[in-house]
Amino acid sequence: MPEIPLLEIEGLTKRFGGFTAVDGVGFSLPRGAIGGLIGP
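The sequence shown stops at residue 61 when you use my numbering, and every number in between is there.
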């Protein structure tokens with residue numbers, strides 16, 4: 022059985038007015054991992 026991730030993001034989009042800073046980003050963080058996200 023596959024392990025269920027602690028955190029999973031799919032299709033993340035972030036806009037500032039008419040500017041798209043992030044479009045369609047996805048990632049998953051398995052249990053026990055240490056991760057960080059730096060950005061807009």
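Every residue, glycine too, gets a C-beta built ideally from N, C-alpha and C. Only a predicted model underlies this, so the values are computations on that prediction, with no experimental measurement involved.
Check	Outcome
Pull up the CB-CB distance for Val-43 and Leu-33, whole angstroms please, since I reckon it's below 8 Å.	6 Å
Taking Leu-58 as the reference, which of Phe-40, Phe-37, Glu-29 and Gly-39 has the closest Cα?	Glu-29
Using three-state DSSP, classify Leu-33 as helix, strand or coil.	strand
Excluding the 5 residues preceding and the 5 following Arg-52 in the sequence, name in chain order all residues of the same chain whose CB lies nearer than 6 Å to its CB.	Leu-27
Measuring alpha carbon to alpha carbon, tell me which of Gly-56, Val-46 and Ala-54 ends up nearest Glu-31.	Val-46
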